[in-house]
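Residue numbering for the sequence shown follows my numbering, starting at 97 and increasing by one per position.
C-beta atoms are modelled at their ideal positions from N, C-alpha and C, and glycine is treated no differently.
Note sheet for the following structure.
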Amino acid sequence: MKTREPGRGWLLRLVIAFAFAQGAVSMARPAVSYRALALGADARAVGVIAGVYALLPLFAAVPLGRRTDHGRCAPLLPIGVALIATGCALSGRAGSLPEMALWSGVMGLGHLSFVIGAQSLVARQSAPEDQDRNFGHFTIGASLGQLIGPIAAGQVVSEHADALARTSAAALYVSAVVAAFAVTSLWRIEHRTPTADGTRAGASSEVGRASGRVSVAGILRTRGVASGIFISLAVLSATDILTAYLPVVGEQRSIAPAVIGLLLSVRAAATVACRLVMTPMIRLMGRTVLMAVSCLGAGLLCVALALPVPAWGLGILLAALGFCLGVGQPLSMTTVVQAAPDGARSTALALRLTGNRLGQVAAPAAAGLLAGLAGTAAPFVMLGVLLLASAGVAIRPVRSAGRGTPPAPPEAPAPRTDPSAEPRGARPPV
């Protein structure tokens with residue numbers, strides 16, 4: 097019997113909530129960079145603060161995934177919104193770089209909580225054949241937030257150095273209010289109806305107890321999981337460093353904050369466009385080839401960003417880059433979900449997010465080191481190398497585009513049981 101998705105409109109409400117939450121974070125991240133610059137930070141310090149955003153989530157992802165595998169998804173959503181709003185508001189009040197780093201970490205923890213709950217909800221309430229589409233639509237919410245947030249930050253933050261501290265703080269306060277609006281569309285978003293695996297959404301604790309607890313090492317050894325995690329890490333690291341370092345590039349090239357916000361939004365708009373046409377692209381190319389080609393194109397475009405092109409040239413490069421980066425996140429979600437063992441899908445998604453956060457810790461730190469040694473163009477070259485490596489990982493054949501269990505060995509022919517085929521007088525085996 098065909099599985100019916102629970103309810104009508106839960107995915108739309110989730111996309112709206114994610115757009116508000118991601119919009120708040122996307123507005124806050126460049127505002128944090130500008131406020132850090134106003135407090136005396138250099139490019140290296142900006143990289144450290146951007147890395148701390150991912151540090152707390154790095155240790156919290158797997159426990160939250162375990163909890164979601166054996167319980168409901170929805171409670172993580174308002175908790176995440178509250179932490180995002182708190183981190184944004186207190187970053188605006190911070191008067192030192194260590195305080196900025198601390199509240200940036202709280203913001204990152206809130207974003208992780210929201211995303212684990214939301215991704216697990218999509219996986220649990222979507223039929224397997226609809227997961228590519230639903231994850232693609234879900235990530236449109238992130239892209240909408242990334243489209244609006246930087247524009248809003250650019251409009252609020254003043255380019256005048258003497259007003260930078262005050263206006264960047266104002267942008268952080270506004271982002272806290274934007275985050276709070278996410279809770280308005282979260283009512284009854286989790287349904288206790290049969291899902292793709294025959295269980296009730298929101299009642300997976302029975303499944304977890306019945307199937308046993310799968311170890312983290314066992315999940316990572318499942319074919320398709322590790323490659324999905326690495327591709328997601330590379331794509332998110334590119335998006336994150338673009339958000340954190342494009343303001344620094346703008347300062348060095350005398351590009352106004354409003355223009356930088358517009359450029360970041362161009363990148364996000366191209367990502368939205370990519371996800372709207374992703375289903376026909378999958379039908380045309382297949383998931384594996386599409387991921388490989390998009391990572392290859394993104395890697396080459398990141399290297400091109402290191403060139404001293406004018407603002408209009410950056411806009412063209414970022415539009416093409418945004419389209420290429422739109423593929424990796426939703427398809428890596430589907431790859432990991434379909435590869436993961438039963439009863440451990442939320443944990444597998446949490447491991448994917450752990451990989452993302454590891455990239456968000458290591459990549460900005462490495463980018464800050466490279467920027468201090470070789471200038472702000474060097475991080476984009478590093479991103480190019482990382483994305484080219486992910487293209488190599490993606491092109492490796494993955495059975496059923498990411499289904500994790502290896503094919504079973506051929507079964508031996510079944511013994512013949514027809515009595516007429518037995519020799520006369522033969523006795524059945526004991």
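Under a Cβ-count criterion, where at least 16 other Cβ atoms within 10 Å of its own Cβ denotes burial, should residue 348 be classed as buried or exposed?
Position 252 of the sequence shown holds residue 348. Looking at its Cβ environment, which holds fewer than 16 other Cβ atoms inside 10 Å, residue 348 is exposed.
Flag this pair as yes or no: are the beta carbons of residue 400 and residue 473 separated by less than 7 Å?
Within the sequence shown, numbered from 1, the residue matching residue 400 stands at position 304. Within the sequence shown, numbered from 1, the residue matching residue 473 stands at position 377. For residue 400 and residue 473, no; Cβs fall outside 7 Å.
Once the 5 residues before and after residue 397 are set aside, which same chain residues still bring their CB inside 6 Å of it?
For this step, residue 397 is matched to residue 301 along the sequence shown. Result list for residue 397: 413, 416 and 417, in chain order.
Check whether the Cβ atoms of residue 428 and residue 165 lie closer than 7 Å to each other.
Position 332 of the sequence shown, counted from the first residue, corresponds to residue 428. Position 69 of the sequence shown, counted from the first residue, corresponds to residue 165. No. Outside cutoff.
Using a 10 Å radius around the Cβ and a threshold of 16 neighbouring Cβ atoms, would you call residue 192 buried or exposed?
Stepping through the sequence shown from its first residue, residue 192 is reached at position 96. When all chains shown are included, residue 192 counts as exposed.
Say whether the segment 308-322 touches the segment 431-446, bearing in mind that this needs 3 or more beta-carbon pairs closer than 8 Å, one atom from each stretch.
With a cut-off of 8 Å, the segment 431-446 and the segment 308-322 count as touching, because enough Cβ pairs lie within range.
How close, in whole Å, do the beta carbons of residue 239 and residue 371 come, if the pair is a contact with beta carbons under 8 Å?
Stepping through the sequence shown from its first residue, residue 239 is reached at position 143. Stepping through the sequence shown from its first residue, residue 371 is reached at position 275. Confirmed, Cβ separation roughly 6 Å.
Exposed or buried, what is residue 316 when buried is set at 16 or more other beta-carbons lying within 10 Å of its beta-carbon?
In the sequence shown, residue 316 corresponds to position 220, counting from 1. The residue in question, residue 316, is exposed, as its Cβ has fewer than 16 Cβ neighbours within 10 Å.
For the segment 141-160 and the segment 454-463, state whether three or more C-beta atom pairs, one from each stretch, are separated by less than 8 Å.
Enough Cβ pairs lie closer than 8 Å, so yes.
Could you give the residue range of the alpha helix (DSSP H) that holds residue 361?
Residue mapping note: residue 361 aligns to position 265 of the sequence shown, counting from 1. Counting along the chain, the alpha helix (DSSP H) containing residue 361 begins and ends at 353-372.
So the candidates are 269, 389, 224 and 213; which of them puts its Cα closest to the Cα of residue 181?
Here residue 181 refers to the residue found at position 85 of the sequence shown. Ranking 269, 389, 224 and 213 by Cα distance to residue 181 puts 269 first.
Helix, strand or coil: how does DSSP classify residue 296 here?
Numbered from its first residue, the sequence shown carries residue 296 at position 200. Any reading at residue 296 needs caution, since the residue's pLDDT is 45, under 50, leaving its predicted position unreliable; the model's value is listed next. In this structure, residue 296 counts as strand in the three-state DSSP scheme.
Quick one: residues in its chain with C-beta nearer than 6 Å to the C-beta of residue 330, no 5 flanking neighbours on either side, listed in chain order?
For the purposes of this step, residue 330 is taken as residue 234 along the sequence shown, with counting starting at 1. Closer than 6 Å at Cβ, skipping near neighbours: 482, 483 and 486.
How is residue 190 classed by DSSP in three states: helix, strand or coil?
What you label residue 190 is simply residue 94 of the sequence shown in a count that begins at 1. Coil, per DSSP.
I want to know whether the segment 331-347 touches the segment 128-139 - three or more CB-CB distances under 8 Å.
A contact exists between the segment 331-347 and the segment 128-139.
Is it true that the CB of residue 387 sits closer than 7 Å to the CB of residue 490?
Walking along the sequence shown from the start, residue 490 turns up at place 394. Walking along the sequence shown from the start, residue 387 turns up at place 291. In contact: residue 490 and residue 387 (Cβ atoms closer than 7 Å).
Go through the segment 126-173 residue by residue and report every complete run of the alpha helix (DSSP H) that reaches 4 residues or more, in order.
Entirely contained in the segment 126-173, the alpha helix (DSSP H) runs reaching 4 residues are, in chain order, 139-148 and 151-165.
Cα separation between residue 230 and residue 353?
Position 134 of the sequence shown holds residue 230. Position 257 of the sequence shown holds residue 353. Rounded to the nearest angstrom, the two C-alpha atoms are 34 Å apart.
What runs of the beta strand (DSSP E), each 3 residues or longer, lie entirely inside the segment 219-254?
Runs of the beta strand (DSSP E) inside the segment 219-254: none found.
Relative to the alpha-carbon of residue 259, which residue among 333, 213 and 131 has its alpha-carbon at the smallest distance?
On the sequence shown, residue 259 is found 163 positions in, with the first residue counted as 1. Looking at the Cα atoms, 131 is the closest of the given residues.
Can you give the Cα-Cα distance for residue 306 and residue 446, rounded to whole angstroms?
Counting from 1 along the sequence shown, the entry for residue 306 is found at position 210. Counting from 1 along the sequence shown, the entry for residue 446 is found at position 350. With a pLDDT of 42 at residue 306, under the threshold of 50, the modelled position of this residue cannot be trusted, and the question is left open.
Could you tell me the alpha carbon to alpha carbon distance between residue 444 and residue 214, rounded to whole angstroms?
Position 348 of the sequence shown, counted from the start, is the residue given in the question as residue 444. Position 118 of the sequence shown, counted from the start, is the residue given in the question as residue 214. Taking the straight line from one Cα to the other gives about 14 Å.
Whole-angstrom Cβ separation of residue 115 and residue 241, contact assumed at under 8 Å?
Position 19 of the sequence shown, counted from the start, is the residue given in the question as residue 115. Position 145 of the sequence shown, counted from the start, is the residue given in the question as residue 241. So it is a contact: roughly 5 Å between Cβ atoms.
Measuring only the C-alpha atoms, how far is residue 108 from residue 368?
Locating residue 108 in the sequence shown gives position 12, where the first residue counts as 1. Locating residue 368 in the sequence shown gives position 272, where the first residue counts as 1. Going by the C-alpha atoms only, they are around 15 Å apart.
Between the Cα of residue 451 and those of 111, 129, 105 and 158, spot the shortest distance and give me the residue it belongs to.
For the purposes of this step, residue 451 is identified with residue 355 of the sequence shown, where counting begins at 1. Cα-wise, what sits closest to residue 451 is 158.
As a quick exercise: from 284, 283 and 244, pick the residue whose alpha carbon is nearest that of residue 267.
The residue given as residue 267 occupies position 171 in the sequence shown. Measuring from the Cα of residue 267, the nearest candidate turns out to be 244.
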